[in-house]
Amino acid sequence: GVSIGGGDKPLDELSEEAFDRVCAINLRGTIMACKHVLPIMRLQRSGAIINISSVAARENSYPLVTYKATKAAMIAFTEQLALRNAPYGIRANCILPGLMDTPMAVDTRARASNRSRAEVAAERDAKVPLRGRMGTAWDVANAALFLASDEANFITGVALPVDGGALVRVG
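All you need for the working numbering is the position in the sequence shown, starting with 1, plus 2.
Take a look at the structure:
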């Protein structure tokens, strides 16, 4: 998904163009992909859809309105998919990544705040209860592999935080 890079801002500073851009990137592609894959999954009477949201959807203090709203909408969309497609044997779940150590997350913030990558990374690491470090793309990938696997064949409609316990701290 996109946030700062798409021009997202607090509500009083948000332009319509930035709002539309963030919505298009964070929602439209996933919804249209699901629209086109569901007929095939329904015919075969099986399938696993794994959408990506964010813990920002559940954090009350997250300041960027469009990112938060689109990620909350992704959870609602996933829950609706799960309920409406369970009779066809299709599962739909959503992963909520927390603070991740990726170039898009860390380097973008470092450039935007004119700080070093190490300083931004240390600040973000300190916010994560488990091991005091951000997660990696592998943490999200492993959650997706589990949700797509036969071991998760009775799990649907779940919004799974992959955040090192950060949401537990928030409450």
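Every residue, glycine too, gets a C-beta built ideally from N, C-alpha and C.
What does the alpha-carbon distance come out to for the pair residue 145 and residue 119?
The straight-line gap from Cα to Cα measures roughly 27 angstroms.
The segment 42-59 in contact with the segment 95-102 per 3-pair CB rule at 8 angstroms
yes
Option in 130, 90, 129, 162 with minimal Cα separation from residue 49:
Selected option, being the one with the closest Cα: 90.
Between the alpha carbons of residue 153 and residue 25, how many angstroms are there, rounded?
33 angstroms
Taking 8 angstroms as the cut-off, does the segment 15-31 touch the segment 71-85 (at least 3 CB pairs, one atom from each stretch)?
yes
Closest by C-alpha distance to residue 19, when choosing among 111, 38, 68:
68
In DSSP terms, what residue 163 is bridged to:
98
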